[in-house]
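Take a look at the structure below.
Protein chains: 2
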Amino acid sequence: MKSPVTIKDVAASLGISVSTVSRAMRNAKDVSEATRHTVLKKVKRLQYHPNYSAQCLINQKTNLIGVIVPVLHSNYFSDAISGISDVLAESNYQMIVCQSNENYKIEQASISKLLGYNIDGLLISVSKSTKNDKIFKEVVNRNIPLVMFDRILDSVDCSKVTVDEYEGAYKAVEHLIKKGCVRIAHLAGPQDLLISQNRKQGYLDALNDYGLKVNPNMVVHCKSFEDDAPRAFKKILMNDPLPDAICFINDQSAIDCMKYLHRKGLSIPRDIKIVGFNNDPVSTVSDPSLTTVMQPSYEVGKLSAGLLIDEIDGKRTRHVNYELRTKLVVRESTKSVRQETKKD
Amino acid sequence: MKSPVTIKDVAASLGISVSTVSRAMRNAKDVSEATRHTVLKKVKRLQYHPNYSAQCLINQKTNLIGVIVPVLHSNYFSDAISGISDVLAESNYQMIVCQSNENYKIEQASISKLLGYNIDGLLISVSKSTKNDKIFKEVVNRNIPLVMFDRILDSVDCSKVTVDEYEGAYKAVEHLIKKGCVRIAHLAGPQDLLISQNRKQGYLDALNDYGLKVNPNMVVHCKSFEDDAPRAFKKILMNDPLPDAICFINDQSAIDCMKYLHRKGLSIPRDIKIVGFNNDPVSTVSDPSLTTVMQPSYEVGKLSAGLLIDEIDGKRTRHVNYELRTKLVVRESTKSVRQETKKD
DNA sequence: CTGTTAGCGCGTTCAC
DNA sequence: GTGAACGCGCTAACAG
Chain A
862 MKSPVTIKDV AASLGISVST VSRAMRNAKD VSEATRHTVL KKVKRLQYHP
912 NYSAQCLINQ KTNLIGVIVP VLHSNYFSDA ISGISDVLAE SNYQMIVCQS
962 NENYKIEQAS ISKLLGYNID GLLISVSKST KNDKIFKEVV NRNIPLVMFD
1012 RILDSVDCSK VTVDEYEGAY KAVEHLIKKG CVRIAHLAGP QDLLISQNRK
1062 QGYLDALNDY GLKVNPNMVV HCKSFEDDAP RAFKKILMND PLPDAICFIN
1112 DQSAIDCMKY LHRKGLSIPR DIKIVGFNND PVSTVSDPSL TTVMQPSYEV
1162 GKLSAGLLID EIDGKRTRHV NYELRTKLVV RESTKSVRQE TKKD
Chain B
862 MKSPVTIKDV AASLGISVST VSRAMRNAKD VSEATRHTVL KKVKRLQYHP
912 NYSAQCLINQ KTNLIGVIVP VLHSNYFSDA ISGISDVLAE SNYQMIVCQS
962 NENYKIEQAS ISKLLGYNID GLLISVSKST KNDKIFKEVV NRNIPLVMFD
1012 RILDSVDCSK VTVDEYEGAY KAVEHLIKKG CVRIAHLAGP QDLLISQNRK
1062 QGYLDALNDY GLKVNPNMVV HCKSFEDDAP RAFKKILMND PLPDAICFIN
1112 DQSAIDCMKY LHRKGLSIPR DIKIVGFNND PVSTVSDPSL TTVMQPSYEV
1162 GKLSAGLLID EIDGKRTRHV NYELRTKLVV RESTKSVRQE TKKD
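If you read the protein sequences in the order shown, they are chains A and B. If you read the first sequence in the working numbering, its first letter stands for residue 862, the second for the next number, and so on. If you read the second sequence in the working numbering, its first letter stands for residue 862, the second for the next number, and so on.
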């Protein structure tokens, strides 16, 4: 942080007082046009940039927003952050980005750091190991606007932006039922995550609403979205008779499963229909292409950032909850197959 | 930025001076164990967090690093940022992240903002519209450590971390040649980008080294990695005779092309062999799976951040250039096919 | 070991 | 319209 040239230097080199320079810089009205002009010229020549740290001390505002996500290298979160970034840039805010790596300790430490930086607001999607909400209560107590998105904590009193995962899963299962499936399995996400619970509930309710029995063996939770999914879907496939459809928590595991089934000599969508979740790029590329639930991640980011800024500006005092809609993207992995004419 | 509780409050509530509190906080040696203990207890009870802005004013150090990338929602850059984040977190730095959206004006404005925040260092991968290096010279002049990664500007005097795209492309083409291809086309990236030029040179040199003629019609530049690729590969496919292999600048366009060729009744790898670039998740999923050039993006991020911190800490005064190696990941899209036994 | 003083760079009263 | 003085929250230098 080298900014050798301060407001003093500008003032001295012009033989005027610092307060005049300060006024000229901030377009205050009580400065003569002449002096303002000379000041601004000098400022440019000297490459003077006001020191934010000093300004923050006075203004009690940093224009800094903290953003914490579980992981950065995921289509979902990088899209969301992209949305956040675009909105913040428009409003002259900068974002300090942290990834918790799904670790509550790191998350907590990051928040402490961010508080030290006097962020004007915080956007967070909590890690899957987060249960304690103490640190968030502290944020709220300090009157720092807080918006939780995607992965939220119900107990924290703040605005929240989520995706209607329940409806997403419901629509997926409904689609499968309409395709004639009756033994529909569900590879569920980590049990602690609210989004996993919501999706599972959507799955359960869809089955119920259509009069299908729930077979507990057809629902298997995985501990991690990435590493643990294969174990989980293999467990599902130990059912006898096999499910005629599986509803997944993400696209990659759905595709991994399709490949596995292929190797086992099963055909998709004929023998088993598959639905993913997310609409990642991979879902268009797999063979068969994957029916999946699209989540508006970029919009989640944009909306969250917008809400946060409104709260900072005092444009809204009450907290709000938004739930964005998903969209079922139907592709080949759930296509109808007339069994009688098909052989192989 | 509400932090009503300051060091004064702590001092007052304990009936001691602020400097004692300050000392206790920073584990200075000239404080009695007893007072330190009571101070720390009080600090916790009052939820006091030191004000970084004030500290920065003294220390002339913000522990803030600026990070600018062309886009956030890309496998490559989100991986790189993830690497940066992990390294910075270890060293107690925070990162302010900006995306230029490939727009030089935005890039420039972001840098100005970051300078205002008195960042201790800057990590940047320049936009493809960046030609002017004036703002970077200013950063260098202000003695702010700067590391460019992936997309660099040769003219700027700073440390640089790149991927050996030249060798990556060379290896890809060499692989195709060894597979017997002789009419190898290249879908090149935006002409202004150094990485596009390097990859093209690797392509050209490989052809030359193996005694193959370069056909200018077999090399087509696209203006954008995403939108413009289909136009470009269709132009390549207007060649008569058709190429027997195409070397792409990314995986998605390679896969789009494979699909297009399929619809046209051509078979891959039999009729045309395809190589991508990046090793994105999609490359494992396509049918046929895609041979591609893996770039160590996470490592690029880690290394860049490490270099920057060393420079900030004064551990290294000279600028260095690192060029990380790519790895050719061979999959089905370039598999050998014995033509005589194959029919379709 | 602890308290007092000064000053980091800037904005904001006040006088003039 | 302009300048001097004060304070934002904190640390460093100096006393004691």
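Glycine is no exception: its CB is placed at the ideal position from the N, C-alpha and C atoms.
Item to check | Exposure label - residue 1212 of chain B; buried when at least 16 CB within 10 Å | outcome: Because residue 1212 of chain B is not part of the residues shown, which for chain B are 862 to 1205, the question remains open.
Checklist entry - Alpha carbon to alpha carbon, how far is residue 1110 of chain B from residue 1086 of chain B? => result Those two C-alpha atoms are separated by around 8 Å.
Checklist entry - Name the DSSP bridge partner or partners of residue 1021 of chain A? => result Bridge partners of residue 1021 of chain A according to DSSP: A:1009 and A:1182.
Checklist entry - Going along the chain, which unbroken runs of the beta strand (DSSP E) with 3 or more residues stay wholly within the region 1129 to 1186 of chain A? => result Complete beta strand (DSSP E) runs here, min 3: 1134 to 1136, 1153 to 1155 and 1182 to 1185.
Checklist entry - Alpha carbon to alpha carbon, how far is residue 944 of chain A from residue 932 of chain B? => result Here the C-alpha atom of residue 944 of chain A lies approximately 11 Å from the C-alpha atom of residue 932 of chain B.
Next on the checklist: Can you confirm whether the region 1144 to 1154 of chain B touches the region 1146 to 1156 of chain A when touching is taken to mean that 3 or more C-beta pairs between the two stretches lie within less than 8 Å?
Outcome noted: Yes: the two stretches touch, three or more of their Cβ pairs being nearer than 8 Å.
Next on the checklist: Which residue wins for smallest C-alpha separation from residue 1083 of chain B, given the options B:1104, B:942, B:1115 and B:1199?
Outcome noted: The shortest C-alpha separation from residue 1083 of chain B is found at B:1115.
Item to check | Simplified DSSP assignment, three categories, for residue 1113 of chain B | outcome: Shown here, residue 1113 of chain B sits in a helix according to DSSP, grouped into three states.
Item to check | Contact set between the region 953 to 986 of chain B and chain A, restricted to residues whose Cβ is under 9 Å from the partner | outcome: Cβ contacts with chain A: 953, 955, 956, 957, 958, 959, 960, 962, 967, 970, 971, 973, 974, 975, 976, 977, 978, 979, 980 and 981.
Next on the checklist: So, does the region 1162 to 1176 of chain A touch the region 1122 to 1130 of chain A, judging by three or more C-beta pairs under 8 Å?
Outcome noted: The region 1162 to 1176 of chain A, when compared against the region 1122 to 1130 of chain A, does not touch it at the 8 Å Cβ threshold.
Item to check | Under 8 Å between C-beta atoms of residue 956 of chain B and residue 930 of chain A | outcome: Cβ distance not < 8 Å, so residue 956 of chain B and residue 930 of chain A don't count as in contact.
Item to check | Contact between the region 908 to 926 of chain B and the region 973 to 990 of chain A (3+ Cβ pairs under 8 Å) | outcome: Below 8 Å, enough C-beta pairs join the region 908 to 926 of chain B and the region 973 to 990 of chain A to call them touching: three or more.
Item to check | In DSSP terms, what residue 956 of chain B is bridged to | outcome: In DSSP, residue 956 of chain B forms a bridge with A:958 and B:926.
Checklist entry - In whole angstroms, what is the alpha-carbon distance linking residue 1169 of chain B and residue 1090 of chain B? => result Approximately 35 Å, taken between the alpha carbons.
Checklist entry - Do residue 1139 of chain A and residue 1156 of chain A have their C-beta atoms closer together than 8 Å? => result Closer than 8 Å, so yes.
Checklist entry - Identify the residues that DSSP records as bridge partners of residue 982 of chain A: which are they? => result Paired residues: A:926.
Checklist entry - CB-CB under 8 Å to residue 878 of chain A, same chain, minus the five flanking residues each way: which ones, in chain order? => result Correct list, in chain order: 872.
Item to check | 8 Å contact criterion, which residue 1184 of chain B and residue 1025 of chain B should meet: CB distance rounded | outcome: Yes, they are in contact, since the Cβ atoms of residue 1184 of chain B and residue 1025 of chain B sit about 5 Å apart, within 8 Å.
Checklist entry - At a Cβ threshold of 8 Å, is residue 862 of chain A touching chain B? => result Here residue 862 of chain A scores only 46 on pLDDT, less than 50, and its place in the model should not be relied on; the value that follows carries that caveat. For residue 862 of chain A, the nearest beta carbon of chain B is closer than 8 Å to its own beta carbon.
Item to check | Distance between residue 995 of chain A and residue 967 of chain A (C-alpha atoms, nearest Å) | outcome: Annotation: residue 967 of chain A to residue 995 of chain A spans about 14 Å, alpha carbon to alpha carbon.
Checklist entry - Exposed or buried, residue 1077 of chain A, counting other C-beta atoms within 10 Å across all chains shown (16 or more means buried)? => result When all chains shown are included, residue 1077 of chain A counts as exposed.
Item to check | Under 8 Å by beta carbon: chain A residues contacting residue 1130 of chain B | outcome: Neighbours of residue 1130 of chain B on chain A: none; closest Cβ ~15 Å, over 8 Å.
Checklist entry - Is residue 1088 of chain B buried or exposed, if buried means 16 or more other CB atoms sit within 10 Å of its CB? => result Under this definition residue 1088 of chain B is an exposed residue.
Checklist entry - In chain order, which continuous runs of the beta strand (DSSP E) of length 3 or greater are located wholly inside the region 1025 to 1101 of chain B? => result Taking only runs of at least 3 residues, the beta strand (DSSP E) segments lying wholly in the region 1025 to 1101 of chain B are 1045 to 1049 and 1080 to 1082.
Checklist entry - How about residue 1146 of chain B: is its C-beta nearer than 8 Å to some C-beta of chain A? => result At a cut-off of 8 Å between C-beta atoms, residue 1146 of chain B counts as an interface residue with respect to chain A.
Checklist entry - Would you report the Cα separation of residue 1113 of chain B and residue 1119 of chain A, rounded to the nearest angstrom? => result Those two C-alpha atoms are separated by around 21 Å.
Checklist entry - Comparing the C-beta of residue 1157 of chain A with each C-beta of chain B, is any distance below 8 Å? => result Taking Cβ atoms only, chain B never reaches closer than 8 Å to residue 1157 of chain A, which makes this a no.
Checklist entry - Should residue 1186 of chain B be labelled buried (16 or more other beta-carbon atoms within 10 Å of its own) or exposed? => result Exposed: under 16 other Cβ atoms inside 10 Å.
Next on the checklist: Using a Cβ-Cβ cutoff of 7 Å, what residues of the region 900 to 916 of chain B are near chain A? List them in chain order.
Outcome noted: Only 908, 910, 911, 912, 913, 914 and 915 from the region 900 to 916 of chain B bring a Cβ to less than 7 Å from some Cβ of chain A.
Item to check | Per-residue DSSP class, three states only, for residue 1205 of chain A | outcome: Unreliable positioning characterises residue 1205 of chain A in this predicted model, as indicated by a pLDDT of 46, which lies under 50. The coordinate reading is nonetheless provided below. DSSP places residue 1205 of chain A in coil when its eight states are reduced to three.
Checklist entry - Buried or exposed: which applies to residue 1030 of chain B, given that a residue is buried once 16 or more other Cβ atoms fall within 10 Å of its Cβ? => result Residue environment for residue 1030 of chain B: buried (at least 16 other C-beta atoms within 10 angstroms of its C-beta).
Next on the checklist: For the pair the region 1009 to 1023 of chain B and the region 983 to 999 of chain B, tell me if three or more CB-CB distances fall below 8 Å.
Outcome noted: Judged by Cβ distances under 8 Å, the region 1009 to 1023 of chain B makes contact with the region 983 to 999 of chain B, as three or more pairs qualify.
Checklist entry - With distances taken from CA atoms, which of B:969, B:866 and B:1005 is nearest residue 991 of chain B? => result The shortest Cα separation from residue 991 of chain B among B:969, B:866 and B:1005 belongs to B:969.
Checklist entry - residue 942 of chain A versus chain B: which residues are under 7 Å apart at the beta carbon? => result Result: 933.
Checklist entry - To which residues does DSSP link residue 1106 of chain B through a beta bridge? => result Paired residues: B:1045 and B:1134.
Item to check | Cβ-based burial, residue 928 of chain A [other Cβ within 10 Å; buried from 16] | outcome: Residue burial annotation: residue 928 of chain A is buried, with at least 16 other C-beta atoms found within 10 angstroms of its C-beta.
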